[in-house]
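J.:
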Amino acid sequence: MSTYDLIIRNGLLVDPVTKSTRRADLAIASGKIAAIADSLPSTATAIQTINAANLYVTPGLVDLHTHCFWGTFWGVEPDPIAATTGVTTWIDAGSAGAYNFSGFRRFIIDPSQSRVFAFLHISGIGLTGPTYESHHLGLLNVDHSFAIIEANRDIILGIKIRLDSAAVAEGTGMEALRRARELADRSNLPIMVHIGKAPPSIADIAPLLRRGDIITHCCTGHSNRLVDLERGTLLDVARELREKGVVFDLGHGWGSFSYPSAEVMLMAGVPPDVISTDVHQLSVQGPMYDMPTTLSKYINMGMGLEEVIARATVVPAGVIGRPDLGRLEVGGVADVAVFELQSGEFEFKDADLVERKGDKMLVNIVTIVDGKVLQRVPQQQLMPWIVKTKRTRASDFSATMTNPFNLEDYRIQGVPSAAYYIPDFISKEEEKLLLTKVYNAPKPKWVALKSRRYVIRPISVLDSTKEFHVLIELCNGAMLPEPLPDWLTATIFERFKQFGLVFGDSGEAKDQVPNHVLVNEYLAGQGILSQPRWCEPLCEPRKDSCPSITAYSLSSSTQPHEDGPFYYPTVATISLASHTVLDFYTHTIIPINEPSQPTSEQPSEPSSVTPPASRPPGFSLYLGPRSLFVQCGDLYKHHLHGISAAEEEDFRDDGVPGRLWDRLKNRDAIIGLGGAVQEGGEAAGGEYVWKRDVRVSLTYRRVKRIVKAKVFGAVGR
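Numbered according to this note's numbering, the sequence shown spans residues 12 to 728.
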């Protein structure tokens, strides 16, 4: 019979109370820490044993600022993230108010394996939407909120209010804070105040705060920051708040952590009391990512590991009045995290994409809640309204969140009408799923060419003995049908619709969604093949078997090309796994015959286009992994496009004529990602030469006419 449920042996135990580390073993039984010793006896046994040699064993992390009301605008699912980050206790910062807290508790808090507590939003609707929650003072009912607090004292540990120019309407901010103060005093709970863009100002907010209240986003770079960046000093009001006993909470988030502000506070000897994440649907995509990444930023700014762990365990546990959490003590709750402190070269960014390099990264290995190891399971997909918006700075936040699906916000300027570039159109998890599906496609579906290999849906037959793809085109300008698989349409089509993408004529009554997807794979160094609008026929029409079918060859050169007349002039391309650069050329020779409307009796003659092989591109566009690129209108109709057969891109901006940077029209897509090199040759955030890797693209189009007759037998299918 086992002595314990779980033993962690040989670990480096971090004690956040004494801020010390020692090598020791830790044993768990019945959800409690049963023993801590330099070395447990070899006779001690357990159902499960973890060898933590050279790994750090810490208390389970306590994240003071989170949003885990999954199903609302910001909320993430707590347990899948807990299992990969070491966070065992979540304090949700106002996702729910009086009018939706009961649902939050029943469907999220109670079923969760990790511990979830909450600060109740002063607005009864909480953070159901992106912002504006306190514009209507009728939603800020102190009596209703107090009733919910009284019924949920075991879970509700504080009051939350957001005080910035978006969350409150003009003239309502201070009244909202006064109501939060009234509720906090009546319920004897602290207030957590979100600061960002004034009004109201931090000077107006400060007098209403008491000891134990919390300022979150204390290292913001917005107008309500706590530092004078020009002088490099802490504001007087910040010192007053500190002397009063107000807690400074980091609350990194998507737009609320500034390296310059954080560094001034560190130099002033006023680091955040608590390091928290403000984890939500946007921030998990970066630059926050998760708690270990956030802690790593402070480790690389010079804060000791024990100090960092204390600010994410014992300190926040004390702030919420739960001293039983955030520590490793015999008899205490068995919430434990195991980490590796990796060494290497790492890059970290703040909300304004200001970059700092570091040589340490904290990586979670195991998360244990109440004595049980949390299993790692996939997170829920991001909500369909969450697409990382076109922004290079966090200052774009309010504008992009007002309407994150306004396609015009993503229009690429300086190119013929029209082109759009949406970064991170899909998440990393969705990218992984799509790649898995692509590479699990039956081998006969793939066609290998000198420049690439690809599979086309819904209209293809393959000749495995030749290096070309045989495209079945009916002489009346239609194509053969095959249903698109769900994995190519689910979620993707919904996002197309949200952005207002139309793939057909405006007069079509039915949904104008793509009915054709081309899946391409490019190895590093491979370019795009040539495919003029009208291809030369490989053979005469096969009148012996099906008089309406002609086969065409797509050559394997890397010349520029255009898409065919069978498609409506809107093409959407999703890039997976690697970046590329798409080059554009204007036509140098008008097609021999403009395509006329073909008839079933007389097929139209193919015309030819001479590719501009000897000319440099007119302009180029960067396509990053997980991005969506849309071309339509004149750009589609009157320009050729291609991808050079290169293994890398040089994004140097040093004034030398002919650089790629000079003809790149969507430079903002890579600024802050290590792209351009400024004058003097110093890289802005990274190396200027980017290596290509294997890239897969999904090209969505709508075929104008599809024949519904079952004629596949005539072509050997």
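Note that CB positions come from ideal geometry on N, CA and C, so glycine has one too. Since this is a predicted model, take the numbers as computed values, not measurements.
To which residues of the same chain is G140 closer than 6 Å at the C-beta, ignoring the five residues directly before and after it?
T.: The residue you call residue 140 lines up with position 129 of the sequence shown. The answer, listed in chain order, is F84.
J.: Check for me: the beta strand (DSSP E) holding S586 runs from which residue to which?
T.: One-based indexing of the sequence shown puts residue 586 at position 575. That run of the beta strand (DSSP E) goes T581 to L587.
J.: What separation, rounded to the nearest whole angstrom, lies between the Cα atoms of V513 and L632?
T.: For the purposes of this step, residue 513 is identified with residue 502 of the sequence shown, where counting begins at 1. For the purposes of this step, residue 632 is identified with residue 621 of the sequence shown, where counting begins at 1. Their backbone Cα atoms lie some 22 Å apart in a straight line.
J.: Within a Cβ cutoff of 8 Å, which residues of the same chain sit near D26, ignoring the five residues on either side of it in sequence?
T.: On the sequence shown, position 15 is the one that residue 26 refers to. If we look at D26 and ignore the five residues flanking it on each side, its Cβ neighbours are T32, R33, E317, R338 and L339.
J.: What's the gap between the Cα of P668 and the Cα of L75?
T.: Residue numbering aside, residue 668 sits at position 657 when the sequence shown is read from its first letter. Residue numbering aside, residue 75 sits at position 64 when the sequence shown is read from its first letter. Those two C-alpha atoms are separated by around 52 Å.
J.: Buried or exposed: where does T581 fall if 16 or more other Cβ atoms within 10 Å of its Cβ makes it buried?
T.: Position 570 of the sequence shown, counting from 1, holds the residue named residue 581. Its Cβ being crowded by 16 or more others within 10 Å, T581 is buried.
J.: Alpha carbon to alpha carbon, how far is N531 from L709?
T.: For the purposes of this step, residue 531 is taken as the residue at position 520 of the sequence shown. For the purposes of this step, residue 709 is taken as the residue at position 698 of the sequence shown. Looking at the two C-alpha atoms, the distance is approximately 7 Å.
J.: Quick check on the burial criterion: 16 or more other C-beta atoms within 10 angstroms. Buried or exposed for D260?
T.: Working through the sequence shown from its first residue, we reach residue 260 at position 249. Buried.
J.: Check whether the segment 63 to 71 and the segment 112 to 121 are in contact - that is, three or more C-beta pairs closer than 8 Å.
T.: no
J.: From P525, F510 and Q292, pick the residue whose C-alpha is nearest to that of P494; which is it?
T.: Taking the first residue of the sequence shown as 1, we reach residue 494 at position 483. Checked all of P525, F510 and Q292; the closest Cα to P494 is P525.
J.: Please determine, among E660, L634, I286 and V349, the residue with the shortest C-alpha to C-alpha distance to L37.
T.: Numbered from 1 along the sequence shown, position 26 holds the residue referred to as residue 37. Ranking E660, L634, I286 and V349 by Cα distance to L37 puts V349 first.
J.: Should M203 and K255 be called a contact, given that it needs their Cβ atoms to be closer than 8 Å?
T.: As a position in the sequence shown, residue 203 is number 192, starting the count at 1. As a position in the sequence shown, residue 255 is number 244, starting the count at 1. No, they are not a contact pair.
J.: Report, in whole angstroms, the separation of the C-beta atoms of I379 and D346, which I expect to be a contact under 8 Å.
T.: Locating residue 379 in the sequence shown gives position 368, counting from the first residue. Locating residue 346 in the sequence shown gives position 335, counting from the first residue. Between D346 and I379 the Cβ distance is about 7 Å, and since that is below 8 Å, they are a contact.
J.: Can you name the residues that DSSP bridges to Q124?
T.: The count along the sequence shown starts at 1 and reaches residue 124 at position 113. Answer is none; Q124 lacks a bridge partner.
J.: Cutting at 7 Å between CB atoms, please list the residues of its own chain near R747, excluding the five before and the five after it.
T.: For the chain, the structure presents residues 12 to 728; residue 747 sits outside this window and is missing.
J.: Tell me the residue span of the alpha helix (DSSP H) that contains P525.
T.: What you label residue 525 is simply residue 514 of the sequence shown in a count that begins at 1. Element bounds for P525: n/a, residue is neither H nor E.
J.: Note the first and the last residue of the continuous beta strand (DSSP E) segment covering H78.
T.: Against the sequence shown, residue 78 aligns to sequence position 67. From DSSP, H78 is part of no beta strand (DSSP E); its letter is neither H nor E.
J.: Taking the straight line between their C-alpha atoms, what separation do you get for K439 and S586?
T.: Residue numbering aside, residue 439 sits at position 428 when the sequence shown is read from its first letter. Residue numbering aside, residue 586 sits at position 575 when the sequence shown is read from its first letter. Taking the straight line joining both Cα atoms gives about 12 Å.
J.: Assess contact between the segment 194 to 209 and the segment 219 to 235, defined as three or more Cβ pairs (one per stretch) separated by less than 8 Å. Is contact present?
T.: Because the criterion of three Cβ pairs below 8 Å is met, the segment 194 to 209 and the segment 219 to 235 touch.
J.: Within the chosen definition, does the segment 262 to 272 reach the segment 281 to 290 through at least 3 CB pairs nearer than 8 Å?
T.: In short, these stretches touch, since the Cβ pair count reaches three.
J.: Helix or strand or just coil, what does DSSP make of K208?
T.: Numbered from 1 along the sequence shown, position 197 holds the residue referred to as residue 208. In the structure shown, K208 sits in coil (DSSP, three-state: anything other than H, G, I, E or B).
J.: Between V275 and G315, which are expected to be in contact by the criterion C-beta below 8 Å, what is the C-beta distance as a whole number of angstroms?
T.: Taking the sequence shown and counting its residues from 1, one reaches residue 275 at position 264. Taking the sequence shown and counting its residues from 1, one reaches residue 315 at position 304. Contact flag wrong, Cβ pair sits at about 20 Å.
J.: For M278, does the count of other Cβ atoms within 10 angstroms reach 16, so buried, or fall short, so exposed?
T.: Walking along the sequence shown from the start, residue 278 turns up at place 267. Exposed: under 16 other Cβ atoms inside 10 Å.
J.: Quick one: Cα of Y711 to Cα of W101, how far?
T.: The count along the sequence shown starts at 1 and reaches residue 711 at position 700. The count along the sequence shown starts at 1 and reaches residue 101 at position 90. Near 41 Å, if we compare the C-alpha coordinates of W101 and Y711.
J.: So what does S631 bridge to, in DSSP terms?
T.: Residue numbering aside, residue 631 sits at position 620 when the sequence shown is read from its first letter. Answer is D594 and L675, bridged to S631.
J.: Tell me, please, which residues DSSP counts as bridged to D346.
T.: Mapped onto the sequence shown, residue 346 falls at position 335. Paired residues: none, contrary to the question.
J.: In the DSSP output, which residue or residues are listed as bridge partners for L37?
T.: As a first step, residue 37 must be located in the sequence shown, where it is residue number 26. As a beta-bridge residue in DSSP terms, L37 pairs with I19 and I47.
J.: Would N375 be called buried (16 or more neighbouring beta carbons within 10 Å of its own) or exposed?
T.: As a position in the sequence shown, residue 375 is number 364, starting the count at 1. With 16 or more other Cβ atoms within 10 Å, it is buried.
J.: If I measure Cβ to Cβ from V426 and keep anything under 7 Å in the same chain, skipping five residues before and after, which residues do I get?
T.: Counting from one through the sequence shown, the residue named residue 426 turns up at place 415. So the qualifying residues of the chain are F630, L646 and K676.
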